[in-house]
Structures are given as structure tokens and as C-alpha cells.
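Visitor: Below you'll find the structure I mean.
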Amino acid sequence: MALEYESLLELQRQLYSMPLNRTRFEAYLRMMLTEDRSAPRYPPLVAINPMGKGHCTQRIEQLLALDADGIARQAVADFAAMQPMSDWHAKISLVLVDDQGGGWTNRVSTEYGFLTGGRSHPLPEQWLLAPIWTRDIPTPESVRQAVLVSALRTVWQMRHGLPGTLRELMDQEGWARQRAGCTTPGLDAEDGEYTQLILRPEGETRDPRAQMELLFGDRPCQSLGFTPRGLSPFAGLAVALAEARGELPPTWVTPESPSASASSCPAAR
């Protein structure tokens, strides 16, 4: 997969520098859509909060001060070195996703959409989104990982199809996040083993609510009114990463597991 980075950070800064009124929203529509408004000009910008407040401006300035564009371009170069080239071409852009204040974006439901082939899956224009969450202070490593996880997740989906079951989602996320160099989220050994006990009978579930509860844990899912299961924040995702890093034994082992085929592909070596 050939990947190209295109910066949209300056466009986002221009938008957030405008007064918080209807003029800004109309500017967003002009920025986002083609002249006849029939198609998106910059598809990843569908994920931003055009009416974001000062915390959005602060995060954009922090990203620019970090040279996030330069970090992202290097991540794309590193991705090219770890993946066999193909005829499929895509762009990727850093986009600020507002999960803090204003109620514009719910972190759990939005990130779940990225995991299951929503806005991180190739858009009509083959343009990927690398999300930067307003609730998290950006660092060079988090910017790099945002780009690599989104790109590697797409590679997994191109090879195996979109994940449907909880087990497939965890296989995808462990595979992508481990190769992107992620070390978080994490759990201690006791919590990891406990989480695996909760996950084990749910491996084939395709129910979105159950998948979110198990992947994201109790506290993040409170905002959606979901059922507590006694799980730490991001527990399922933490187990997926720990398994991929060899820190926990597999929750599920079957000959047909996608992890078996993923581990045999060139990028997994």
C-alpha cells in the first residue's frame, strides 16, 4: 500500500482562529465541501468539531509546535519501509477529534467507528484519518502512533476484511498497535488475567454494545449508559496489545484465528 501524508493542520488552525459563530460554520462548509457541496473536498475533516472552543485551538497550536506534520511524514516513510508496496494508494492526515467539552464527539462510539472500518477505513477518495484526541496532550510518539495505527489497521482490513467479531477486532488492534510501537493502554498481570476471563466467552459476539463495553471498559462507557462489567478503562484494547507484545497468552487459540495468518505475512515478521 502506497501512503502519502497531506497536512490539514493549518486549515484546522485557520478555522479555530475564527469567532465562534455562524460565520465559522459556513467557513467550515466551504473548506470541507466542493463548490456545489456535492462531495467532500477534505474527507477527514468530517471528524472535527467546527465549533470547537479554546481547547481545540490549544491542541492545534501544540501540534504545530511539535512539528506534527514532520513527525507524520516520517511515520509514513517508516510505514513504507515495513510494508510491501502495492498499486493501492491512499492519503492520510492528522485530524483533531474533540472528545473534550461541548459534547460534540463521544470517544467510545467514535473510536469504535474507527476500529470497525468507519472513518479510519479508506474513504471514497482513499483518504485515511489519524485522530488526535483533544482530551490527550499530544506528544511526538502519540502523533507517530496515530498515523501508524490507522495505516496498519487498514492493511489488516485489506487482508482479512472488516472485523466483525470481538476476537477479530482484538486481533486487528493488537496487530496494528504492536507494530506501531504502542505501549499503552496497559494492565497489570492480575487485571489482564481477570479481563481475559471476562472476554473469553464473548469472542464471537458481533453486538456493538457488548464489543464497546469489553474493549473500552466501564468508566469510558458510562457516558453511553452501558452496563458495567467490572473492567478497567480500555481493558479489552489493553489485553489485545499485551497479547501481541507477548506479555499475555492468547485469550482464544484456534487454527483459523486471523492472528495466525497475520503473523505469517511479511509485515508481521
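Residue numbering for the sequence shown is 1 to 269, as defined by UniProt numbering.
Idealized CB from N, CA, C, for every residue including glycine.
Rank Thr105, Arg37, Arg73 by C-alpha distance to the C-alpha of Leu8 and give the top, closest one.
Guide: Arg73
Visitor: Using DSSP with H/G/I as helix, E/B as strand and the rest coil, what is Pro19?
Guide: coil
Visitor: Would Gly58 and Lys91 be called neighbours here (beta carbons separated by less than 8 Å)?
Guide: First, the residue type needs correcting, since residue 58 is Gln and not Gly in the sequence shown. No, these two residues do not count as a Cβ contact at 8 Å.
Visitor: Buried or exposed: which applies to Pro228, given that a residue is buried once 16 or more other Cβ atoms fall within 10 Å of its Cβ?
Guide: Under the 10 Å beta carbon count, Pro228 is surrounded by fewer than 16 other beta carbons and is classified as exposed.
Visitor: For my contact list, Ile60 and Gln12 are in at a C-beta cut-off of 8 Å; report their separation, rounded to the angstrom.
Guide: Right, the Cβ-Cβ distance comes to about 5 Å (below 8 Å), so this counts as a contact.
Visitor: Which residues does DSSP pair with His160 in a beta bridge?
Guide: Per DSSP, none; premise fails for His160.
Visitor: Throw me the rounded Cβ distance for the Val143 and Ala176 pair, which I believe falls under 8 Å.
Guide: Contact annotation, Val143 with Ala176: C-beta distance approximately 16 Å; criterion of less than 8 Å not satisfied.
Visitor: To which residues of the same chain is Tyr112 closer than 6 Å at the C-beta, ignoring the five residues directly before and after it?
Guide: Met212
Visitor: By the DSSP assignment, the beta strand (DSSP E) with Ser93 in it spans what residues?
Guide: 89-97
Visitor: Just to confirm the assignment, what range does the beta strand (DSSP E) spanning Ile137 have?
Guide: It is not in any beta strand (DSSP E) - Ile137 carries neither H nor E in the DSSP assignment.
Visitor: Along the chain, where does the alpha helix (DSSP H) containing Ser190 start, and where does it finish?
Guide: It should be noted that the sequence gives Glu, not Ser, for residue 190. Per DSSP, Glu190 belongs to the alpha helix (DSSP H) from 189-199.
Visitor: To the nearest angstrom, how far is the alpha carbon of Gly181 from that of Asp36?
Guide: Rounded to whole angstroms, Gly181 to Asp36 spans 42 Å at the Cα level.
Visitor: Among Gly161, Trp88, Pro185, Leu199, whose alpha-carbon lies nearest the alpha-carbon of Leu234?
Guide: The question names Leu, but residue 234 is Phe in the sequence shown. Nearest option by C-alpha distance: Pro185.
Visitor: Curious, which full-length alpha helix (DSSP H) runs of at least 4 residues does the region 161-187 contain?
Guide: 166-179
Visitor: Measuring straight from C-alpha to C-alpha, what distance separates Ala39 and Tyr28?
Guide: 14 Å
Visitor: Tell me whether Arg153 is buried or exposed, calling it buried when 16 or more other Cβ atoms sit within 10 Å of its Cβ.
Guide: It is buried - the Cβ of Arg153 has at least 16 other Cβ atoms within 10 Å.
Visitor: Should Pro84 go down as buried or exposed, given a rule of 16 or more other Cβ atoms within 10 Å for buried?
Guide: exposed
Visitor: Under a three-way DSSP split, which group does Tyr42 fall into?
Guide: coil
Visitor: Using the DSSP secondary-structure output, state which residues sit across from Glu4 in a beta bridge.
Guide: Lys91
Visitor: Could you give the residue range of the alpha helix (DSSP H) that holds Met51?
Guide: Met51 -> no alpha helix (DSSP H), and no H or E assigned at all.
Visitor: Is any non-hydrogen atom of the ligand SAM found closer than 7 Å to the C-beta of Thr183, if you look at the structure I gave you?
Guide: This structure does not include the ligand SAM; it has no bound ligands of any sort.
Visitor: Looking only at C-alpha atoms, which of Leu128, Glu247, Ile132, Asn106 sits nearest to Asp191?
Guide: Out of Leu128, Glu247, Ile132, Asn106, Glu247 has the C-alpha closest to the C-alpha of Asp191.
Visitor: Apart from the five residues on each side of it in sequence, which residues of its chain come closer than 7 Å, Cβ to Cβ, to Arg245?
Guide: Gln178
Visitor: One question on the structure: do Glu202 and Leu166 come within less than 8 Å of each other, judged by their Cβ atoms?
Guide: yes
Visitor: Rounded to whole angstroms, what is the Cα-Cα separation between Ala130 and Gln145?
Guide: 9 Å
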